[in-house]
Amino acid sequence: MNTDTELRWGYTLADLQRVARSAAATTRAMAGDYDDRYAEAFGAAAERLYEAEHWIPEHKLFQAAQDSLWTENRKTLSYRGAAYRNDEGWGESGTGPNFVTYWTDVTRVTPSPENHIVDRLALAQILPTLTERQREVIGALAAFDDHALARAALGDLSCYATHLANARRRFLSYWHEGEVPSRPWGTDRRGANASRLVTVMRKRKGSRKAANDA
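Numbering (numbering that gives the first Met the number 0), first residue to last: 0 to 213.
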């Protein structure tokens, strides 16, 4: 796609790339690879642009990208064992319940195979408990690693997102074996190619518009 091609409300792909680069470079709280920060920022800015019903200033796109980066940063810190308290902010390393789970494994000279074995066994045991449609949706997503492509492979299933969400909730309920199940978290954007993301979003928007005009 030509970076000068207009996407929506006068913005071009180059504009989104510039916003994403700026957000990824200035949101210092999010550690990790710059390419990951850029992809997260680009996806958030693109979603904000295509959700808008009218023109919005560029700083709104930047804010959406930055907010998404901060959200992912909080989730990453929590996953790695840093506790967050609304009145105190982030605590010291080791204060969160996930500290031992995360760091005990990654700091070993030879990581334990236990987690991978448990994951594979759990998948084999829980997958048959899902409905046939839920298994189809999960299988398509695993095969294509792209929501748009998975949905298209299933014949543009209208309830794709609903079936996927229900499958995740059911999986977690069995995973926790009667305990209060955790909630699905994370921003599930798949596919690292930013221009491909914009293309998919444009097609979705065009399809909805065509359906409304019909």
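We put the CB at the ideal spot given by N, CA and C, even for glycine.
Just so we're clear, the structure is a prediction, and the values are computed from it rather than from any experiment.
Exposed unless 16 or more other CB atoms sit within 10 angstroms - verdict on residue i
i, result
"Thr4", "exposed"
"Tyr159", "buried"
"Arg168", "exposed"
"Gly42", "buried"
"His162", "buried"
"Thr25", "exposed"
"Ala149", "buried"
"Ala123", "exposed"
"Val18", "buried"
Residue range of the beta strand (DSSP E) that includes residue i
i, result
"Leu6", "Glu5 to Arg7"
Backbone CA spacing between residue i and residue j [nearest angstrom]
i, j, result
"Leu121", "Ala40", "Correcting the residue type first, residue 121 is Ala in the shown sequence and not Leu. C-alpha separation (whole angstroms): 33 angstroms."
"Asp66", "Asp118", "31 angstroms"
"Ile55", "Glu46", "13 angstroms"
"Glu131", "His146", "18 angstroms"
"Ile125", "Leu6", "42 angstroms"
"Trp89", "Ser157", "Because Trp89 carries a pLDDT of 46, less than 50, the predicted location of this residue cannot be relied on, and the following value inherits that uncertainty. When rounded, the distance between both Cα atoms is 41 angstroms."
"Leu140", "Ala64", "25 angstroms"
"Arg20", "Lys59", "15 angstroms"
"Thr11", "Lys74", "31 angstroms"
"Asp14", "Ala151", "29 angstroms"
"Leu68", "Leu48", "17 angstroms"
"Glu50", "Phe143", "25 angstroms"
"Gly9", "Trp174", "47 angstroms"
"His115", "His53", "47 angstroms"
"Leu76", "Asp35", "16 angstroms"
"Thr70", "Ser172", "25 angstroms"
Enclosing alpha helix (DSSP H) for residue i [first to last residue]
i, result
"Gly42", "Tyr33 to Glu50"
"Ala14", "The amino acid at residue 14 is misidentified as Ala; the sequence shows Asp. Element bounds for Asp14: Leu12 to Thr25."
"His162", "Tyr159 to Trp174"
"Gly138", "Glu131 to Phe143"
"Gln148", "It is Leu, not Gln, that sits at residue 148 in the sequence shown. Element bounds for Leu148: His146 to Ala152."
Closer than 6 angstroms: residue i CB and nearest the ligand GTP heavy atom
i, result
"Gly138", "Absent from the structure shown: the ligand GTP. Ligands present: none."
Reference residue i; option with closest CA among the options
i, options, result
"Pro72", "Ala152, Tyr33, Ile137 and Ile125", "For clarity, residue 72 is Asn in the given sequence; the question names Pro instead. It is Tyr33 whose Cα lies nearest to the Cα of Asn72."
"Glu57", "Thr161, Ala44 and Ile137", "Ala44"
"Phe170", "His115, Gln133 and Glu52", "Gln133"
"Pro127", "Val18, Ala166, Leu6 and His115", "Ala166"
"Gly154", "Asp144, Leu68 and Val136", "Val136"
"Ala164", "His53, Arg36, Trp69 and Leu129", "Leu129"
"Phe61", "Ala23, His115, His175 and Trp8", "Ala23"
"Tyr37", "Glu113, Gln16 and Asp144", "Gln16"
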